[in-house]
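So for the sequence shown, the numbering used here puts the first residue at 50; every next one is plus one.
Inspection log for the structure reproduced underneath, given as structure tokens.
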Amino acid sequence: MDGLILDETKLKNTVYHIITSEVKNTHLSELILSFFNSRKRFLFGQLTFMHYHIFGGKREDVYHLVSAIELVTLAIDIFDDLEDLDNYEEPWMQVKHSISLNAASLLLTISQKIVYRLSNEWNTQLLNIYQDYLIEAAEGQHEDLLDWQAFEETCLLTIKMKSGALTALASACGSMLASKRVDLQVEKYAYQIGIAAQLDNDLNDLFSSQKTDSKIIDKNTLASIFLRTSTNPFAKKLLANIKKGNFTYTEEYKQLLLKSGVVAYLSILKQTAIQMAITHMDELDLPRDHIEILKDHLIYFK
């Protein structure tokens, strides 16, 4: 099947037209565009675009929906960084935070306005599911900020609500715009892909020299809960070193990570989510070749 890859030039042109048309303040519109143009990849927009075409969509104005999804996920990234006070290399963290907060609020409004127009024209349910997933993602972020999740089950639920809901947002909106109906299998596998993606990020963070500080245990994450409750002597040693501030990325640290069991633990959870996603994909009411294309793009890609 051709035409599954998002044309980033078209997306950028569409976003430029939307922002310059909707935002009359030149400084604000330029600021928002600078935030948008700093993004290296458009993963959520690609999800929307691909699902739209896999489910039979043909219209070029899908780029308006893709723009809405990219703008709202940009807003969420800004809110997330402002709330967590991290990722200071991002452009919205390098200006006055109140200005970034205002820009993110505007992005939410513009995104909703785009979806409202598409919903009125094509499918009144589109706006409803868009809002439902955003509410769920906000609730997931609230749980993450409270940091009350002390068990594996509550951690996974928070990840599902926070990351899974955004993956479901992008996927379900794309398929609904094309098919005019809600496909629950899309939602089910999208949640699992979102969980797997977050677990992959968590694994990468463990080995990142940019993340080597006590934050690995300061929050209730799957990794920190595993290390605190494990009887593995290497896990205990790793945890003790972190608490003492002996936390630098060395070969010894890498070996402790591997021997502690935390890498294997997160990898198993990730693979479990992937297998669940594959199971739900196989239940889609789509031609087999379409399902395999979805798997190629969402599961087996490198």
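Even glycine gets a Cβ: it sits at the ideal position worked out from N, Cα and C.
Note that this is a predicted model, so its numbers are computed, not measured.
Distance CB(residue i)-CB(residue j) smaller than 8 angstroms
| i | j | result |
| --- | --- | --- |
| isoleucine 118 | leucine 226 | no |
| aspartate 186 | alanine 214 | Strictly speaking, residue 186 in this sequence is alanine, with aspartate absent from that position. The answer is yes: Cβ separation under 8 angstroms. |
| serine 228 | leucine 276 | no |
| lysine 209 | aspartate 193 | no |
| glutamate 57 | phenylalanine 85 | no |
| leucine 155 | glycine 94 | no |
| aspartate 249 | alanine 272 | no |
| histidine 100 | serine 279 | no |
| leucine 306 | valine 312 | yes |
| asparagine 151 | methionine 142 | no |
| glycine 189 | threonine 216 | no |
| leucine 60 | histidine 346 | no |
Secondary structure of residue i, DSSP reduced to three states
| i | result |
| --- | --- |
| valine 64 | helix |
| aspartate 262 | Its pLDDT being 49, under 50, aspartate 262 is placed unreliably by the model, and nothing is read from it. |
| glutamate 236 | helix |
| serine 257 | coil |
| proline 336 | coil |
| glutamine 198 | coil |
| glutamate 57 | helix |
| glutamate 300 | helix |
| glutamate 109 | coil |
| serine 87 | coil |
| aspartate 133 | helix |
Residue of the options minimising C-alpha distance to residue i
| i | options | result |
| --- | --- | --- |
| valine 64 | Asp181, Ile159, Gly189 | Ile159 |
| aspartate 254 | Gly243, Ala239, Thr270, Ile242 | Thr270 |
| leucine 157 | Leu123, Leu134, Val115, Glu132 | Leu123 |
| lysine 293 | Asp267, Ser224, Tyr314, Pro336 | Asp267 |
| glycine 223 | His113, Lys89, Glu341 | His113 |
| glutamate 202 | Ile274, Glu188, Ile81, Asn62 | Ile274 |
| histidine 191 | Phe256, Glu132, Arg166, Lys303 | Glu132 |
| phenylalanine 256 | Glu300, Pro336, Asp181 | Glu300 |
| serine 116 | Ile163, Asn74, Thr75, Ala153 | Ile163 |
| tyrosine 302 | Asn169, Ile178, Leu287, Ser83 | Leu287 |
| valine 144 | Gln161, Arg108, Leu80 | Leu80 |
| isoleucine 242 | Ile348, Leu205, Asp181 | Ile348 |
Residue-level contact to chain D via CB, residue i, 8 angstroms cutoff
| i | result |
| --- | --- |
| leucine 318 | In summary, chain D is missing from the structure at hand, where a single protein chain is found. |
Do three or more CB pairs link the segment 311-329 to the segment 226-244 at distances below 8 angstroms?
yes
So does the segment 103-111 actually touch the segment 65-72, counting three or more Cβ pairs closer than 8 angstroms?
no
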